[in-house]
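First up is the structure itself, then whatever we jot down about it.
In this note's numbering, the protein residues as written are 1461 to 1747.
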């Protein structure tokens, strides 16, 4: 059985994540108190399911969350192919989403306003966030992009090999908080200052040819490529990591970081195949 536990902040996209898994063949159960998880796995109908996804979060109650890390630890021994996916977003984005949908946060009350409820939920969920196999910051992700990412990284029969995501981003839009490795390439020559290249991206021929003329760009690429080539096997075998995210950042996230992410993706796709995902955050692009 491949068991996926979806958790995280209210308003971060957990319901859509479960819908995505359900559309891809997973038997899904939402809002399950964690104390019922082990009993659920022992029922004949569930035991026969090859793919199971369960939503566990604050709706199950504060007391339920206290026991969740220990329960998941026992479940991992019982179902080795268990993945915990934690979705979150920054408080400003969550507040905006709640205001737009006019839905009630599970922890709000007459005595507790939305901002305090969001902060309290983050504190209560922290142990789950720390132990998660994959943390996804959905602050800058639309539901369709989230669906593509989950389908590429989670919806698979087995997690025998490391799932590697290489993403580009712009520091002016804040660095991603879900990175395992983050490389700052703002020191490289910037094609933004070439007026005829400014509107292009690192995927366009003009930018590619311009950057390839600069030796320091190629040296940066080789250094990052060799570092990852040397250390990815250790993360796969020694750390038992199912997911790894490598982020490449330049100023705006449209030129240098995009070019380098593309080059790294092409290199590692040759060896890891479909286990490599490419994302350009500022271009809203996932492959």
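Cβ atoms here follow ideal geometry from the backbone N, Cα and C, with glycine treated the same way.
Just so we're clear, the structure is a prediction, and the values are computed from it rather than from any experiment.
Within its chain, find whatever has a CB closer than 6 Å to the CB of residue 1706; leave out the 5 residues flanking it on each side and keep chain order.
Here residue 1706 refers to the residue found at position 246 of the chain shown. Answer for residue 1706: 1626 and 1641, listed in chain order.
In DSSP terms, what residue 1625 is bridged to:
Looking up residue 1625 in the chain shown gives position 165. Per DSSP, 1705 and 1737.
Is residue 1473 helix, strand or coil by DSSP?
Here residue 1473 is taken as the residue at index 13 of the chain shown, counted from 1. Residue state, collapsed to three classes: coil.
Does the Cβ of residue 1618 have 16 or more other Cβ atoms within 10 Å, making it buried, or fewer, making it exposed?
Here residue 1618 refers to the residue found at position 158 when the chain shown is read from its first residue. Any reading at residue 1618 must be qualified, since the residue scores a pLDDT of 49, below 50, and its modelled position is unreliable; no value is offered.
Hey, how far is the Cα of residue 1461 from the Cα of residue 1560?
The residue you call residue 1461 lines up with position 1 of the chain shown. The residue you call residue 1560 lines up with position 100 of the chain shown. Approximately 38 Å, taken between the alpha carbons.
Cβ atoms of residue 1717 and residue 1585: under 8 Å apart, would you say?
Within the chain shown, residue 1585 is the residue found at index 125, counting from 1. Within the chain shown, residue 1717 is the residue found at index 257, counting from 1. Taking 8 Å as the Cβ cut-off, residue 1585 and residue 1717 do not qualify as a contacting pair.
Neighbour-count burial assignment, residue 1537, 16 or more Cβ in a 10 Å radius
On the chain shown, residue 1537 is found 77 positions in, with the first residue counted as 1. Residue 1537 should be labelled exposed.
Cutting at 6 Å between CB atoms, please list the residues of its own chain near residue 1666, excluding the five before and the five after it.
By one-based count along the chain shown, residue 1666 stands at place 206. Contacts found: 1657 and 1660.
Simplified DSSP state of residue 1663, which is helix, strand or coil
By 1-based counting over the chain shown, the position of residue 1663 is 203. Coil.
In terms of residue numbering, what span does the alpha helix (DSSP H) encompassing residue 1514 cover?
Here residue 1514 refers to the residue found at position 54 of the chain shown. Where residue 1514 is concerned, there is no enclosing alpha helix (DSSP H), although the beta strand (DSSP E) it sits in stretches over 1511-1515.
Exposed or buried, residue 1502, counting other C-beta atoms within 10 Å across all chains shown (16 or more means buried)?
Taking the chain shown and counting its residues from 1, one reaches residue 1502 at position 42. Exposed is the call here.
Please determine, among 1727, 1470 and 1535, the residue with the shortest C-alpha to C-alpha distance to residue 1681.
Walking along the chain shown from the start, residue 1681 turns up at place 221. Nearest option by C-alpha distance: 1727.
Check whether the Cβ atoms of residue 1515 and residue 1491 sit closer than 8 Å, and answer yes or no.
By one-based count along the chain shown, residue 1515 stands at place 55. By one-based count along the chain shown, residue 1491 stands at place 31. A contact, by the Cβ cut-off of 8 Å.
Return yes when the Cβ of residue 1643 is within less than 8 Å of the Cβ of residue 1636, no when it is not.
Position 176 of the chain shown, counted from the start, is the residue given in the question as residue 1636. Position 183 of the chain shown, counted from the start, is the residue given in the question as residue 1643. No, these two residues do not count as a Cβ contact at 8 Å.
Classify residue 1604: buried if its beta carbon has 16 or more other beta carbons within 10 angstroms, exposed otherwise.
Reading the chain shown from its first residue, position 144 is the one you call residue 1604. Under this definition residue 1604 is an exposed residue.
What does a CB cutoff of less than 8 Å around residue 1494 pick up in its chain, not counting 5 residues either side in sequence?
Here residue 1494 refers to the residue found at position 34 of the chain shown. Contacts found: 1516, 1520, 1524, 1525, 1527, 1528, 1531 and 1532.
Would you identify the three-state DSSP class for residue 1588, choosing helix, strand or coil?
Numbered from its first residue, the chain shown carries residue 1588 at position 128. Residue 1588 falls in the helix class under three-state DSSP.
The alpha helix (DSSP H) that contains residue 1546, what's its start and end?
Sequence index remark: in the chain shown, residue 1546 carries index 86 (1-based). Not the alpha helix (DSSP H): residue 1546 falls in the beta strand (DSSP E), residues 1542-1548.
Close-in-space but distant-in-sequence residues of the same chain around residue 1751 (CB under 6 Å, 5 per side omitted):
The structure shown does not extend to residue 1751, since the chain is modelled only from 1461 through 1747, so no value can be given for it.
Out of 1673, 1712 and 1692, which has the shortest C-alpha to C-alpha gap to residue 1623?
Working through the chain shown from its first residue, we reach residue 1623 at position 163. Of the listed residues, the one whose Cα sits closest to residue 1623 is 1692.
Look at the alpha carbon of residue 1583 and the alpha carbon of residue 1507, and state the distance between them as a whole number of angstroms.
Indexing the chain shown from 1 puts residue 1583 at position 123. Indexing the chain shown from 1 puts residue 1507 at position 47. Roughly 33 Å separates the two Cα atoms.
List the endpoints of the continuous beta strand (DSSP E) containing residue 1607.
As a position in the chain shown, residue 1607 is number 147, starting the count at 1. Residue 1607 -> not in any beta strand (DSSP E); alpha helix (DSSP H) instead, spanning 1603-1613.
When you compare only the Cα positions, how much space is there between residue 1702 and residue 1469?
Numbered from its first residue, the chain shown carries residue 1702 at position 242. Numbered from its first residue, the chain shown carries residue 1469 at position 9. Distance between the alpha carbons of residue 1702 and residue 1469: 22 Å.
With a threshold of 8 Å on Cβ separation, who are the neighbours of residue 1744 within its own chain once the five nearest residues in sequence on each side are excluded?
Counting from one through the chain shown, the residue named residue 1744 turns up at place 284. Here the set comprises 1602 and 1605.
Taking only the alpha-carbon atoms, compute the straight-line gap between residue 1522 and residue 1690 and give it to the nearest angstrom.
The residue labelled residue 1522 in the question sits at position 62 within the chain shown. The residue labelled residue 1690 in the question sits at position 230 within the chain shown. Each residue's Cα considered, the two are about 43 Å apart.
Mind checking which residues open and close the beta strand (DSSP E) that includes residue 1767?
Outside the shown range of the chain, which is 1461 to 1747, sits residue 1767, and nothing can be said about it.
From the DSSP output, in three-state form, read off residue 1597 for me.
To locate residue 1597, count along the chain shown from 1; it is residue 137. If DSSP states are grouped into helix, strand and coil, residue 1597 belongs with the strands.
What number of angstroms, rounded off, separates the C-alpha of residue 1552 from the C-alpha of residue 1574?
Counted from its first residue, the chain shown places residue 1552 at position 92. Counted from its first residue, the chain shown places residue 1574 at position 114. Going from the Cα of residue 1552 to the Cα of residue 1574 covers about 11 Å.
In three-state terms, what does DSSP make of residue 1523?
By 1-based counting over the chain shown, the position of residue 1523 is 63. Here residue 1523 sits in helix by DSSP.
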